[in-house]
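Novice: Numbering (our numbering), first residue to last: 572 to 987. Note that the Cβ used here is the ideal one computed from N, Cα and C, for glycine as well.
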């Protein structure tokens, strides 16, 4: 497997939180309490939770799940965790075992801190663990990638979206989507020669979106321009006027922070949303009501919402979560798929990491989002993506599927 091209690594800088960041600011929902586990304190100074299970035939397989139970991405970590429980139940038929061997899973909170994650990884590896998974933060993922390569253990990143994870090394895989797939989802809205304007803040996040749009959409025949706004700007009417003057066929909005609400209001009041196709990323459930009067006038690219796929695996995910009092949300499939990948790796590879890698490379399987495949050359996760609209349902804004984008059509460029 080859190393990722520099341009793709640069694209990742501004895109790691694309779907969540484009919504107006909302207060993150606190992570609900986990399912009760037997807790113990590790030498890394973090709390771990070990799944209790009846003693199976054969030696247990140690697995380390390192994720954000606390910290700025705790809500995403909880969604991943619950999705993982659903996937584990599905992939093992409720036994928590693979061919009679218990999956001895330890859950460690990294708090979004790379140092804590590395300490947890080193401790797990020192105790004989050969499988790590779970990362929510792209910054944490960068550190765990290094640990996986140095120690020759399998690593499966979760919701972390940074593009550099794909193709990082032969030991690293991902269970979620990557940022280039987010951008590629807009390609169904353009034709050869379409004028696409990236409307974003003039910071690393915005500049990263410009780079991604040029890398992906220009290859599909679009002409990409940019309108970057100073981060401190609070008056957006002049920028809305510039969009109207330039008459793009598609405006791709990448925005984060406290000025999001005022920005969307300006685009709506100045008629931008009626004059052209405006598209941005739809985040988790907590953001659905945050767009105000712009809610039903914007097209959204989307990684997942519970009503988008129609298949038995998604039904299993949704049902499992509902029975436990949870909702399927943006990163639920990332946890579910991570569990599927771990079971596949152990079933086909046993304790041999090289055999685990071979078992995952090229693997095609049914996931909550539909048919997915791990690209053998660079471990990209080829998967469907969705285009959605928000509709008012009894006073609540809820997503409605517009189009399912085939995984091959939104596949990221091959790392090499």
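(1) Considering residue 944, what are the terminal residues of the beta strand (DSSP E) in which it resides?
(2) Report yes if the CB atom of residue 817 is closer than 8 Å to the CB atom of residue 850, and no otherwise.
(3) Contact check, residue 853 vs residue 868 under 8 Å by CB: the rounded distance?
(4) Between the Cα of residue 672 and those of 698, 914, 905, spot the shortest distance and give me the residue it belongs to.
(5) Could you tell me whether the segment 874 to 885 touches the segment 920 to 930, where touching means 3 or more Cβ pairs closer than 8 Å?
(6) Quick check: the Cα distance between residue 726 and residue 841, rounded to an integer number of angstroms?
(7) If you compare alpha carbons, which of 888, 977, 641 is closest to residue 687?
(8) Distance check for residue 859 and residue 966, CA to CA, integer angstroms please.
(9) Pull up the CB-CB distance for residue 632 and residue 674, whole angstroms please, since I reckon it's below 8 Å.
(10) Does the segment 771 to 791 come close enough to the segment 737 to 748 that 3 or more CB-CB pairs lie under 8 Å?
(11) Quick one: measure Cβ to Cβ for residue 751 and residue 763, integer angstroms, because I've assumed they're closer than 8 Å.
(12) Which residues bound the beta strand (DSSP E) around residue 725?
(13) Among all the DSSP beta bridges, which residues are the ones paired with residue 968?
(14) Along the chain, where does the alpha helix (DSSP H) that runs through residue 805 open and close?
(15) Closer than 6 Å by C-beta to residue 781: which residues in its own chain qualify, once you throw out the five before and the five after it? Chain order, please.
(16) In the DSSP assignment, what residue or residues form a beta bridge with residue 771?
(17) Buried or exposed for residue 979, please, with buried defined as at least 16 other CB atoms from any protein chain shown within 10 angstroms of its CB.
(18) Just how far apart, CA to CA, sit residue 599 and residue 829?
(19) Report yes if the CB atom of residue 973 is closer than 8 Å to the CB atom of residue 882, and no otherwise.
(20) By how many angstroms is the C-alpha of residue 986 removed from the C-alpha of residue 786?
(21) Would you mind stating whether residue 968 and residue 866 have Cβ atoms separated by less than 8 Å?
(22) Given a threshold of 16 other Cβ atoms within 10 Å of its Cβ, counted over all protein chains shown, does residue 831 qualify as buried or as exposed?
(23) List the endpoints of the continuous beta strand (DSSP E) containing residue 638.
(24) Taking 8 Å as the cut-off, decide whether the C-beta atoms of residue 811 and residue 765 are in contact.
(25) May I have the straight-line CA-CA distance separating residue 885 from residue 729, to the nearest angstrom?
(26) Could you name the residues that DSSP lists as bridge partners for residue 766?
(27) Measuring CB to CB, does residue 959 end up less than 8 Å from residue 759?
(28) For residue 602 and residue 646, I'd like the C-alpha separation in whole angstroms.
(29) In the DSSP output, what is residue 527 paired with across the bridge?
(30) Please list, in chain order, all residues of the same chain as residue 971 whose beta carbon is under 7 Å from its beta carbon, the five residues on each side excluded.
(31) Just tell me which of 779, 719, 896 has its CA closest to the CA of residue 696.
(32) Straight-line CA distance for residue 952 to residue 806?
(33) Going along the chain, which residues of its own chain have a beta-carbon closer than 6 Å to the beta-carbon of residue 927, five neighbours each way excluded?
(34) Alpha carbon to alpha carbon, how far is residue 701 from residue 801?
Specialist: Taking the definition as stated:
(1) 941 to 945
(2) no
(3) Going by Cβ atoms, the distance from residue 853 to residue 868 rounds to 14 Å, so no, they are not a contact pair.
(4) 914
(5) no
(6) 48 Å
(7) 641
(8) 12 Å
(9) 5 Å
(10) no
(11) That pair is no contact at about 20 Å.
(12) 725 to 728
(13) 963
(14) From DSSP, residue 805 is part of no alpha helix (DSSP H); its letter is neither H nor E.
(15) 769, 797
(16) 799, 825
(17) Around the Cβ of residue 979, a 10 Å sphere holds fewer than 16 other Cβ atoms; the residue is exposed.
(18) Confidence is the limiting factor: at residue 599 the pLDDT is only 41, short of 50, which leaves the residue's position unreliable, though a coordinate-based value still follows. Roughly 14 Å separates the two Cα atoms.
(19) no
(20) 13 Å
(21) yes
(22) buried
(23) 632 to 638
(24) no
(25) Rounded to whole angstroms, residue 885 to residue 729 spans 18 Å at the Cα level.
(26) 794
(27) no
(28) Because the pLDDT of residue 602 is 42, which lies under 50, any placement of that residue in the model is unreliable, and the number read from its coordinates should be weighed accordingly. CA-to-CA, the gap between residue 602 and residue 646 works out to about 5 Å.
(29) Residue 527 lies beyond the stretch modelled for the chain, which goes from 572 to 987, so this question has no answer here.
(30) 959, 960, 962
(31) 719
(32) 40 Å
(33) The answer, listed in chain order, is 725, 916, 920.
(34) Cα to Cα, residue 701 sits roughly 46 Å from residue 801.
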